[in-house]
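Counting from 1, position 127 in the sequence shown corresponds to residue 127 in the working numbering; the numbering is continuous, with no gaps. Each residue gets a CB set at the ideal place from its N, CA and C atoms; glycine is no exception. Computed from a predicted model, the values in this text were never measured in an experiment.
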Amino acid sequence: MGDGLRTIRIATADRSVVSAAQSAVAADENLDGWEIEQIEEVKDLVSAPPAPGDVLIVDAWIKERNVYELLRQLAGRTKCRTFVLVEGGNQIAEPIARFCGATGVLERPISASKLCAAFGAGVAARPKPPVEARGTGDTEFALPAALLAEIAGEAPAATSNRDDELMRAVIDPVTGLFNYPFLQYKLDEEFKRARRFNAPLACAMLGFESAASDDVLRELSSIFLSASRDTDVLGRFDENSFLFLLPNTGPDGAEIMARRVADTAEERRFLDLVGDRIEVAIGIANYPSPDIGHKGELFAAAREAFLEARHAGGGVVVSAL
1 MGDGLRTIRI
11 ATADRSVVSA
21 AQSAVAADEN
31 LDGWEIEQIE
41 EVKDLVSAPP
51 APGDVLIVDA
61 WIKERNVYEL
71 LRQLAGRTKC
81 RTFVLVEGGN
91 QIAEPIARFC
101 GATGVLERPI
111 SASKLCAAFG
121 AGVAARPKPP
131 VEARGTGDTE
141 FALPAALLAE
151 IAGEAPAATS
161 NRDDELMRAV
171 IDPVTGLFNY
181 PFLQYKLDEE
191 FKRARRFNAP
201 LACAMLGFES
211 AASDDVLREL
221 SSIFLSASRD
231 TDVLGRFDEN
241 SFLFLLPNTG
251 PDGAEIMARR
261 VADTAEERRF
271 LDLVGDRIEV
281 AIGIANYPSP
291 DIGHKGELFA
301 AAREAFLEAR
311 HAGGGVVVSA
321 L
């Protein structure tokens, strides 16, 4: 470690990667003040995570474990910018790396221009790992092993199956909507985009009391999809509730969509597992709002409105925030 310098920590067993990074730092004055440190064993990275001001680069070719599984373990433990070092042209690595908590990817070979471009992004701290909403709080979401191997370059690409594997990793198998972990990722992404461009974003929580059959859940999902646009994000939050993210949608547009869904569900007269009518409740929150400064507040406002609607026996409630 250096004397007060900021550190680029590279988790790799490949000395040539470290040498390339050292040469890049020495060659560009924009990287003055940075030093390179090699982390040869993953256990050292897990036991002593980098400091918030450092940068971590994890080689996708590390042998101890899959790099994306490692990112899931580190998410929430480190607050530094984190990049995965991948082969050039690996188009699927970027979204999966971000989904697993990383800042992004760097393509081999490391160069000064690539480091400058990455460090200039100024991305904030990595998110904590999502957990299943109806779980105990310690459930880890696991991506398919074959997909992880392919992303890391450990297995030959199966182009015909790659997109299907990726979709299965983020889709709820019953409804065909996005699953809870991916909803968390998209909530963070869409809120940051809305705040950056001062664009409207609506968050709607929909659900009902009791439990329903898979057939009913699938029919409800078809109603949601029919009422939505391609840019909307629709997901299953837990057993009997759903979350909608509606980019570039103001309060009026969100309420129109919600009432369309509620009216159609009412017409279908869905029944729960004991034969009682399902009364759909929907709560809506909107950004921008002077009382909403981060994604957690947007979600909390939508959930509060949803609980109010459910307590009233169904219908649509728009948050006063």
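Proximal residues to residue i (C-beta, below 7 Å), its chain only, five neighbours per side dropped
{"i": "Glu-94", "result": "Gly-104, Val-105"}
{"i": "Asn-179", "result": "Val-170, Ile-171, Asp-172, Gly-235, Arg-236"}
{"i": "Ala-21", "result": "Ile-8, Ile-10, Ile-36, Ile-110"}
{"i": "Thr-175", "result": "Leu-217, Arg-218, Ser-221, Arg-236"}
{"i": "Leu-321", "result": "Ala-285, Ser-289, Asp-291, Ile-292, Ala-301"}
{"i": "Asn-30", "result": "Cys-116"}
{"i": "Phe-299", "result": "Leu-187, Cys-203"}
{"i": "Ile-223", "result": "Val-261, Thr-264, Ala-265"}
{"i": "Arg-259", "result": "Val-316"}
{"i": "Ala-124", "result": "Residue confidence for Ala-124 is low, a pLDDT of 35 falling below 50, so the modelled location carries little weight and cannot support an answer."}
Closest residue to residue i among the options (Cα-Cα distance)
{"i": "Ala-265", "options": "Ser-221, Met-205, Lys-186", "result": "Ser-221"}
{"i": "Gly-296", "options": "Ser-16, Tyr-185, Arg-269", "result": "Tyr-185"}
{"i": "Thr-12", "options": "Asp-54, Asp-59, Pro-49", "result": "Asp-59"}
{"i": "Gln-91", "options": "Glu-107, Asp-263, Leu-225, Asp-272", "result": "Glu-107"}
{"i": "Thr-78", "options": "Ile-62, Pro-50, Trp-61", "result": "Pro-50"}
{"i": "Ala-212", "options": "Leu-225, Arg-259, Glu-279, Arg-260", "result": "Glu-279"}
{"i": "Phe-119", "options": "Ala-281, Ala-258, Glu-209, Leu-56", "result": "Leu-56"}
{"i": "His-311", "options": "Lys-192, Leu-70, Leu-206", "result": "Leu-206"}
{"i": "Arg-210", "options": "Gly-253, Asp-272, Lys-43", "result": "Strictly speaking, residue 210 in this sequence is Ser, with Arg absent from that position. It is Asp-272 whose Cα lies nearest to the Cα of Ser-210."}
{"i": "Ser-228", "options": "Met-257, Phe-208, Asp-214, Ser-241", "result": "Met-257"}
{"i": "Arg-65", "options": "Ala-48, Phe-83, Val-42, Glu-87", "result": "Val-42"}
Spatial neighbours of residue i in its chain, beta-carbon cut-off 6 Å, leaving aside the 5 residues before and after
{"i": "Gln-38", "result": "Ile-10, Val-18"}
{"i": "Pro-251", "result": "Asn-286"}
{"i": "Glu-308", "result": "Val-317"}
{"i": "Trp-34", "result": "Arg-6, Ile-8, Val-25"}
{"i": "Lys-114", "result": "Leu-106"}
Span separating the alpha-carbon of residue i from that of residue j
{"i": "Ile-292", "j": "Arg-195", "result": "10 Å"}
{"i": "Leu-85", "j": "Ala-97", "result": "10 Å"}
{"i": "Pro-200", "j": "Val-46", "result": "39 Å"}
{"i": "Ala-305", "j": "Ser-319", "result": "5 Å"}
{"i": "Thr-136", "j": "Glu-239", "result": "At Thr-136 the pLDDT is 35, less than 50, meaning the model places this residue with poor confidence; the figure from the coordinates comes in the next sentence. Near 14 Å, if we compare the C-alpha coordinates of Glu-239 and Thr-136."}
{"i": "Leu-243", "j": "Ala-204", "result": "6 Å"}
{"i": "Gly-275", "j": "Leu-177", "result": "25 Å"}
{"i": "Glu-190", "j": "Ala-112", "result": "31 Å"}
{"i": "Glu-267", "j": "Val-261", "result": "10 Å"}
{"i": "Gln-73", "j": "His-294", "result": "25 Å"}
{"i": "Arg-81", "j": "Asp-54", "result": "7 Å"}
{"i": "Gly-314", "j": "Arg-277", "result": "11 Å"}
{"i": "Arg-303", "j": "Arg-193", "result": "21 Å"}
{"i": "Phe-208", "j": "Asp-214", "result": "14 Å"}
{"i": "Ile-62", "j": "Asp-32", "result": "28 Å"}
{"i": "Phe-197", "j": "Phe-182", "result": "22 Å"}
{"i": "Arg-15", "j": "Glu-40", "result": "9 Å"}
{"i": "Asp-230", "j": "Thr-249", "result": "13 Å"}
{"i": "Ser-241", "j": "Gly-89", "result": "39 Å"}
{"i": "Asp-28", "j": "Glu-69", "result": "33 Å"}
{"i": "Ser-226", "j": "Asp-232", "result": "11 Å"}
{"i": "Asp-44", "j": "Ala-281", "result": "49 Å"}
{"i": "Phe-83", "j": "Pro-52", "result": "14 Å"}
Three-state secondary structure assigned by DSSP to residue i
{"i": "Asp-215", "result": "helix"}
{"i": "Glu-132", "result": "Confidence in Glu-132 is poor, its pLDDT being 36 and thus under 50, which makes the residue's placement unreliable; the coordinate value appears in the next sentence. Correct three-state label for Glu-132: coil."}
{"i": "Asn-179", "result": "coil"}
{"i": "Ala-11", "result": "strand"}
{"i": "Val-42", "result": "helix"}
{"i": "Ser-289", "result": "strand"}
{"i": "Ala-20", "result": "helix"}
{"i": "Glu-279", "result": "coil"}
{"i": "Arg-196", "result": "helix"}
{"i": "Ala-204", "result": "strand"}
{"i": "Ile-36", "result": "strand"}
{"i": "Ile-223", "result": "helix"}
{"i": "Leu-273", "result": "coil"}
Boundaries (first-last residue) of the alpha helix (DSSP H) holding residue i
{"i": "Phe-99", "result": "93–99"}
{"i": "Ile-256", "result": "251–268"}
{"i": "Ala-301", "result": "295–311"}
{"i": "Ala-119", "result": "Note that residue 119 is Phe in the sequence shown here, rather than Ala. Counting along the chain, the alpha helix (DSSP H) containing Phe-119 begins and ends at 112–119."}
{"i": "Leu-74", "result": "67–74"}
Residue i CB to nearest heavy atom of the ligand MG below 6 Å
{"i": "Glu-37", "result": "Absence of the ligand MG from the depicted structure is noted, as is the absence of any ligand whatsoever, leaving it without description."}
Range of the contiguous beta strand (DSSP E) that encloses residue i
{"i": "Val-86", "result": "81–86"}
{"i": "Val-317", "result": "315–318"}
{"i": "Val-55", "result": "55–59"}
{"i": "Pro-247", "result": "241–247"}
{"i": "Arg-236", "result": "233–238"}
{"i": "Gly-104", "result": "104–107"}
Cβ shell of residue i (< 8 Å), same chain only, five flanking positions each side left out
{"i": "Gly-253", "result": "Ala-202, Leu-246"}
{"i": "Arg-269", "result": "Arg-277"}
{"i": "Glu-255", "result": "Ile-284, Val-316, Val-318"}
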